[in-house]
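**Q** The structure's right below; bear with me while I get my questions together.
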Amino acid sequence: MPKLYFYDVGLVSWLLGIQTQEQITTHPLRGNLFETLIVSELIKSRMNQGKRPDLFYWRDSNGNEVDVIAEWEAKIKPIEIKSGKTLTLESFSGLKKWMVLAKNTGESPTLIYGGEEKYMQHGIQVTGWKDNLNF
250 MPKLYFYDVG LVSWLLGIQT QEQITTHPLR GNLFETLIVS ELIKSRMNQG KRPDLFYWRD
310 SNGNEVDVIA EWEAKIKPIE IKSGKTLTLE SFSGLKKWMV LAKNTGESPT LIYGGEEKYM
370 QHGIQVTGWK DNLNF
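Printed below as a string of structure tokens:
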């Protein structure tokens, strides 16, 4: 199933009737809006470098998914995006499944989240959303 992203998160927020910062913190589409923000910034960053975006989405028949499969320098980089400031074991499940299927080939998986810390967990690079363009 294809995914649709807006380049302008402010516009989509307005279309959803979100008018204040407080509304977004409890909005049921908060995760989708956060994912849209990160994907649009990745696309803009790639295009500003004169490169094709080459971003894809992966989901298998069992519902395992990875939000972004990126082609970087002829290597595949899986990226998961979570809006929360804290992560659970479930946050890593899609990337762990990808790692098993890909047999740990390609670039190290990355999980971008709503927090600010940067660390490794389960062989996955965890990075705060403000650093999401520093791959």
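Heads up, the sequence shown is in our numbering, so the first residue is 250 and it goes up one at a time.
The beta carbon of each residue, even a glycine, is placed where N, CA and C say it ideally should be.
Taking DSSP's pairing of strands, which residues face residue 360 in a bridge?
**A** In the DSSP output, where bridge partners are listed per residue, residue 360 has 329 and 375.
**Q** Taking the C-alpha atoms as reference points, what is the distance between residue 326 and residue 312?
**A** So the alpha carbons of these two residues sit roughly 20 angstroms apart.
**Q** Could you work out which residue in 365, 304 and 309 is closest to residue 324 when comparing CA atoms only?
**A** Nearest of 365, 304 and 309 to residue 324, Cα basis: 304.
**Q** For the alpha helix (DSSP H) holding residue 351, just list the boundary residues, first then last.
**A** Segment 342–351, the alpha helix (DSSP H) holding residue 351.
**Q** Please state the DSSP three-state secondary structure of residue 293.
**A** Helix at residue 293.
**Q** For residue 260, name the three-state secondary structure that DSSP assigns.
**A** Residue 260 falls in the helix class under three-state DSSP.
**Q** Who are the near neighbours of residue 340 in its chain, counting only those whose CB is closer than 6 angstroms to its CB and skipping five residues on each side?
**A** Excluding positions up to five away in sequence, the list reads 331.
**Q** Label residue 387 either buried or exposed according to how many other C-beta atoms from any shown protein chain fall within 10 Å of its C-beta, with 16 as the threshold for buried.
**A** A question about residue 387 goes unanswered here, because the residues of the chain that appear run from 250 up to 384.
**Q** For my contact list, residue 334 and residue 364 are in at a C-beta cut-off of 8 angstroms; report their separation, rounded to the angstrom.
**A** Contact holds; Cβ gap of about 4 angstroms.
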